[in-house]
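The structure under discussion appears below in the form of structure tokens.
Residue numbers (the numbering used here): 952 to 1458.
Written as structure tokens, this is what we have:
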């Protein structure tokens, strides 16, 4: 049984701690609010005491910030604020890290989706599985990577490159070109269109804001993207490929927005491929749940206090309606500000849509991908007569997320009808035989207010996009409102060295 609330500074399990990553191992102490320690939960703090259980409760102490939920957004903010010297209390009702961005073992997965049913013995050991609840890959050069290197959280993580990026077109999947040779031979565009595409991509790469000679008559801030595409005489299929497989837009609304946004996204995609080749994506060993744990550990090192399996009975406000603290049973803690995921503030958020995600356990790589161990497939909405893209993300035992010989694929999209599972059939049909499938439909919630009036700062739900760009935008926005200043990532001497260790795809 889990403890009745765990104060912990997190450490990955012993098998995940590698001296090659420069991880310092401390003697540990686990603090709980109830009898007995939760299996697998460890506290990592420099301590003069030997390991063991002590008893701590919320003791009406005053903090600068209380954080509710250990999703990635909340843990990054907790870590950044702790580094800035804030006194942070971080609480989660679950007995594991990650919230909606967690990586679950088999028992946790079945408990969440099939209550009362035990995992079949054929799937092997529970500890071999770390199953993501949301399907996202990191772009190798995106802002979240810069946060990882800035904070040295890379010391606690190891990344592996995703082997391929594919796009669905005309009834089949094709690899998104990652090299000049692949660009010449790709079936995605015809011979003459390749020349026009090359000119467009050279324009994107050569653009300099302060050099009008690189603009070719284009104003990125005033022209819509559709007009830029027309200027280069790009066909509709090529526009689709660029906008969805490279710029990673989830729908076609980008065509009628200023071109600056898509230009920035295309530059990010190209620079991410240039960093490691093959594909622009990287992925943490042991699953995405390692990301919030890494930032939680950062917060703990700088004095943050963590409690897992700790329900929040009430959020407390003063007579002016401003946040003042939280209550858990008879225990209370106080702070001037609170950050939390939408599940803790259901009366202060609204739903702007729904997303469906189907977690599929496979015993084979996805067909027609060259038997790669990891891949992303994007199905642009026009290809299947939809308004939103369908995404397929697949990883395998080489990423330490499933038992040997198995693969994990997640198919997801924005819900458009009353039969969500039917909407993802084009993605499911690409997978081949499925050993087990777990389907969830979730609301996409956003806060009703910015939190400045009552000091309640609520994160957004994780969207259906395939990367972390929107998550980082939310992190940066909340940080600015909480701290009263922009998030500035100061360059550190180790930064380039750390970035180069992020992905060793061939190792």
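Built from N, CA and C at the ideal position, the CB exists for glycine as well.
Cutoff 6 Å; reference residue i; Cβ partners in own chain excluding five residues on either side
i	result
residue 1231	1090, 1091, 1220, 1223, 1224
residue 1439	none
residue 1196	1118, 1127, 1329
residue 1165	1157, 1158, 1159
residue 1448	For residue 1448, the predicted model reports a pLDDT of 43, less than 50, meaning its position is unreliable; a value from the coordinates is still stated below. So no residue of the chain qualifies.
Residues sharing a beta bridge with residue i, DSSP
i	result
residue 1341	1330, 1364
residue 1175	1209
residue 1274	1268
residue 1393	1306
residue 1288	1016
residue 1124	1119
residue 1082	1055
residue 1400	DSSP output for residue 1400 lists no bridge partner at all.
residue 1336	Bridge partners of residue 1336: none, in fact.
residue 1346	1359
residue 1279	1282
residue 1256	1040
Sequence-distant residues of its chain with Cβ nearer than 7 Å to residue i (five each side left out)
i	result
residue 1242	1023, 1235
residue 1094	1423
residue 1387	1312
residue 1459	The structure shown does not extend to residue 1459, since the chain spans only 952 to 1458, so no value can be given for it.
residue 1049	1021, 1022, 1240, 1243
Residue i to residue j span [Cα, whole Å]
i	j	result
residue 1303	residue 1020	21 Å
residue 1226	residue 1311	30 Å
residue 1272	residue 1403	12 Å
residue 1180	residue 1194	10 Å
residue 1251	residue 1291	18 Å
residue 1067	residue 1061	8 Å
residue 1034	residue 1101	11 Å
residue 1213	residue 1070	44 Å
residue 1375	residue 1098	33 Å
residue 1014	residue 1087	33 Å
residue 1079	residue 1012	39 Å
residue 1103	residue 1081	23 Å
residue 1287	residue 1052	27 Å
residue 1162	residue 1173	17 Å
residue 1357	residue 1054	16 Å
residue 1198	residue 1139	16 Å
residue 1347	residue 1111	11 Å
residue 1372	residue 1259	33 Å
Simplified DSSP state of residue i, which is helix, strand or coil
i	result
residue 1206	helix
residue 1352	coil
residue 1098	helix
residue 1041	strand
residue 1416	coil
residue 1133	helix
residue 1073	helix
residue 1222	helix
residue 1298	helix
residue 1059	helix
residue 1408	strand
residue 1373	helix
residue 1093	coil
residue 991	With a pLDDT of only 29 at residue 991, under 50, the local geometry of the prediction cannot be trusted, and the value read off the model is given with reservation. It is coil, neither helix nor strand.
residue 1009	coil
residue 1440	coil
residue 1140	coil
residue 1110	strand
residue 1458	Only weak support exists for where residue 1458 lies, its pLDDT of 48 falling under 50; the value from the coordinates is given anyway. Of the three classes helix, strand and coil, the one that applies to residue 1458 here is coil, per DSSP.
residue 1233	strand
residue 1201	coil
residue 1261	coil
Within 9 Å, strictly: CB atoms of residue i and residue j
i	j	result
residue 1385	residue 1083	no
residue 1274	residue 1409	no
residue 1261	residue 1044	yes
residue 1427	residue 1437	yes
residue 1202	residue 1365	yes
residue 1345	residue 1316	yes
residue 1412	residue 1308	no
residue 1246	residue 1029	yes
residue 1114	residue 1352	no
residue 1154	residue 1169	yes
residue 1040	residue 1284	yes
residue 1264	residue 1042	no
residue 1396	residue 1300	yes
residue 1149	residue 1134	yes
Own chain residues within Cβ distance below 8 Å of residue i, not counting five before or after
i	result
residue 1076	1354
residue 1289	1016, 1017, 1018, 1019, 1266, 1274, 1277, 1406, 1407, 1408
residue 1215	none
residue 1175	1206, 1207, 1208, 1209, 1210
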